[in-house]
Every structure is written in C-alpha cells, then in structure tokens.
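*Asks:*
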Amino acid sequence: MEKKLKRLRNEKGLSQLALERLSGVHCKLLSKYENGKVEPTADTLRKIAQALGVTSDYLIFDNAPRRD
30 MEKKLKRLRN
40 EKGLSQLALE
50 RLSGVHCKLL
60 SKYENGKVEP
70 TADTLRKIAQ
80 ALGVTSDYLI
90 FDNAPRRD
C-alpha cells in the first residue's frame, strides 16, 4: 500500500501537506504510511482514498478497481 499511496499522491502533484488538507490526515502520519512504518485505520484509509479519488480497496489490493 505504501508505494501505491506515494505514487498516487505524486501523480496528482500533491505534497503531503496538500494531501493533509484534502484528507484531514496529518502529514506526519501520511509520511509514516508512505514509508511503511504504520498502517492506517480503515477510517483513515477511507479519507485518504477519497482525497485521492480512488477506492480504499485500490490502495490495499493489487487488482482492485480504481473507482467503484
């Protein structure tokens, strides 16, 4: 998940701070998620996915659809 999260954020041209503003998830936590240091809760994952315009499943699973 961490590589996909970072790749999507970069594809959208977002800094961690910009994603924080969109998702409400602190940029320090986003950094930890992107570096694989901690795993987000289901609610946090949903917020990040929504801000990036993808499904939570897309962030977690390799073959999940990007959007429902």
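Numbering (the working numbering), first residue to last: 30 to 97.
Every residue gets a Cβ at the ideal spot worked out from N, C-alpha and C, and that includes glycine.
Would residue 54 and residue 76 be called neighbours here (beta carbons separated by less than 8 Å)?
*Replies:* As a working note, residue 54 is residue 25 in the sequence shown. As a working note, residue 76 is residue 47 in the sequence shown. For residue 54 and residue 76, yes; Cβs fall inside 8 Å.
*Asks:* For the alpha helix (DSSP H) that residue 72 lies in, which residues bound it at each end?
*Replies:* Counting from one through the sequence shown, the residue named residue 72 turns up at place 43. Annotation: the continuous alpha helix (DSSP H) that includes residue 72 extends over 71 to 81.
*Asks:* The alpha helix (DSSP H) with residue 31 in it runs from where to where?
*Replies:* Stepping through the sequence shown from its first residue, residue 31 is reached at position 2. Where residue 31 is concerned, the enclosing alpha helix (DSSP H) stretches over 31 to 40.
*Asks:* Which same chain residues end up closer than 7 Å to residue 37 when comparing Cβ atoms and leaving out the 5 residues on each side of it in sequence?
*Replies:* Against the sequence shown, residue 37 aligns to sequence position 8. Within the same chain, and ignoring the five residues on either side of residue 37 in sequence, the residues whose Cβ sits closer than 7 Å to its Cβ are 81 and 83.
*Asks:* When the Cα atoms are used, what is the spatial distance from residue 90 to residue 63?
*Replies:* Translated into the one-based positions of the sequence shown, residue 90 becomes position 61. Translated into the one-based positions of the sequence shown, residue 63 becomes position 34. One C-alpha to the other measures close to 15 Å.
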